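Only one structure is covered here, and it is reproduced in the block below.
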Amino acid sequence: SNHIPNYHCKNGYAVFLTCVVSWRYAKASTPGNITEQTMATYDNYSYDNFLYVPNTVCPTLQIRKLARSKYDRRTGRHVPRFDHYCGWLGKPIGEENYLTFLVFVVVHLVMCSYGAILMLRMFWGMALDDGNAQEAASSSSWYQCMALFLIQLSHYPLETFVFCLLSIVSYTLAGFLSFHLYIISKGMTTNEYFKWKEASKRFKNGNSNSNNTKMKTNSDDQEDHHQQQQWKEQRNGIATTSVVGTIPNNMYNLGICGNFHEVFYPRSLRKTLQKKE
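Under the working numbering, the first residue of the sequence shown carries the number 5, and numbering increases by one thereafter.
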């Protein structure tokens with residue numbers, strides 16, 4: 005296109021090659037694997053007696069369940085500081101490959117955003133080639149200019165589809181990356197984020213039910229409320245169990261700098277390097 009400098013063609017190949025390399029590198033990375041032999045390497049976090057309780061055994065592998073770890077049924081391994089299972093990479097994300105996963109997301113966000121911006125620049129330039137669009141732009145009639153721009157898009161359905169796809173993926177990846185940066189800053193994994201969310205709901209419901217019970221004076225109403233609560237718990241299981249009290253603090257939150265240091269320099273790798281030294 006005449007509206008995009010030629011050097012962007014070489015840049016596009018470089019960005020695409022970087023995406024492929026980051027995908028291959030992330031796919032080859034390992035999250036870590038807890039076994040009886042590697043237990044000492046990954047036993048780096050204390051139990052908080054809330055999300056993670058000591059003396060718990062993995063029912064599948066029959067090994068001690070370390071704090072912040074989780075068994076992944078897709079790969080049949082116990083993953084240290086388990087975050088989530090990534091379908092793009094076809095493997096779980098854990099303590100030792102979380103940083104690689106973040107780099108993979110950032111690189112693909114840059115590629116999609118770069119492509120969307122270039123296509124937007126191309127479409128806008130072609131729209132301005134129209135005399136009516138130039139007149140609308142010079143007269144600050146942006147509604148008319150945008151209408152002409154959309155008409156320009158309709159002339160290139162395939163390119164428009166690619167532009168919309170890149171824009172949607174860029175927006176999605178930006179939100180996904182923002183979420184991970186947020187939970188890192190709070191000292192949580194994705195797995196722990198949803199556990200804390202569920203725990204907060206239980207404490208909120210428990211305190212609310214406790215206050216409502218105190219306000220009631222009719223014993224029949226209290227008995228009816230108790231029976232309804234038992235029925236809900238039997239129907240839905242532990243997810244509906246309410247807890248009265250104050251939710252504890254996250255002991256794994258070491259502050260923003262400390263939390264990001266945990267990602268960039270995992271504790272298990274620190275032990276490995278210390279042994280080599």
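Ideal Cβ placement from N, Cα and C applies to all residues, glycine included. Computed from a predicted structure; not experimentally measured.
Residue i versus the options, residue with shortest Cα-Cα distance
{"i": "C261", "options": "I187, W200, F207, T42", "result": "I187"}
{"i": "L124", "options": "N253, I67, C168, V110", "result": "C168"}
{"i": "T194", "options": "S174, H184, E202", "result": "H184"}
{"i": "L106", "options": "R271, I251, T22, S26", "result": "S26"}
{"i": "Y118", "options": "T34, S174, S158", "result": "S174"}
{"i": "Q66", "options": "E40, D76, Y51, D47", "result": "E40"}
{"i": "S204", "options": "T45, K14, F54", "result": "F54"}
{"i": "S189", "options": "N263, I121, T104", "result": "N263"}
{"i": "I251", "options": "F165, T34, K208", "result": "K208"}
Supposed contact pair residue j and residue i - C-beta distance, whole angstroms, cut 8 Å
{"i": "Y89", "j": "P96", "result": "5 Å"}
{"i": "V83", "j": "G98", "result": "4 Å"}
{"i": "A30", "j": "F108", "result": "4 Å"}
{"i": "N254", "j": "W200", "result": "7 Å"}
{"i": "E100", "j": "G191", "result": "Going by Cβ atoms, the distance from E100 to G191 rounds to 18 Å, so no, they are not a contact pair."}
{"i": "V111", "j": "T22", "result": "6 Å"}
{"i": "Q19", "j": "V114", "result": "Checking the displayed sequence, the identity of residue 19 turns out to be Val instead of Gln. Yes, V19 and V114 are in contact; Cβ-Cβ is about 7 Å, under 8 Å."}
Buried or exposed (CB count within 10 angstroms, at least 16 for buried), residue i
{"i": "M43", "result": "exposed"}
{"i": "P63", "result": "exposed"}
{"i": "I38", "result": "buried"}
{"i": "A32", "result": "exposed"}
{"i": "K74", "result": "buried"}
{"i": "Y17", "result": "exposed"}
{"i": "P58", "result": "exposed"}
{"i": "E202", "result": "exposed"}
{"i": "F86", "result": "buried"}
{"i": "Y11", "result": "exposed"}
{"i": "Y256", "result": "buried"}
{"i": "S272", "result": "buried"}
{"i": "P270", "result": "buried"}
{"i": "L122", "result": "buried"}
Cβ pair residue i, residue j closer than 9 Å
{"i": "C116", "j": "L170", "result": "yes"}
{"i": "R72", "j": "Y49", "result": "yes"}
{"i": "R68", "j": "T79", "result": "no"}
{"i": "E163", "j": "F127", "result": "yes"}
{"i": "D4", "j": "L70", "result": "The requested residue 4 is not part of the displayed model; the chain covers only 5 to 281."}
Reduced DSSP category for residue i - H, G, I as helix; E, B as strand; rest coil
{"i": "K31", "result": "helix"}
{"i": "H184", "result": "helix"}
{"i": "R206", "result": "helix"}
{"i": "H159", "result": "coil"}
{"i": "R81", "result": "strand"}
{"i": "I67", "result": "coil"}
{"i": "Y75", "result": "strand"}
{"i": "Y56", "result": "coil"}
{"i": "K199", "result": "helix"}
{"i": "I251", "result": "coil"}
{"i": "Y89", "result": "strand"}
{"i": "K95", "result": "strand"}
Chain B contact for residue i (CB, 9 Å cutoff)
{"i": "A30", "result": "No chain B appears in this structure, which consists of one protein chain only."}
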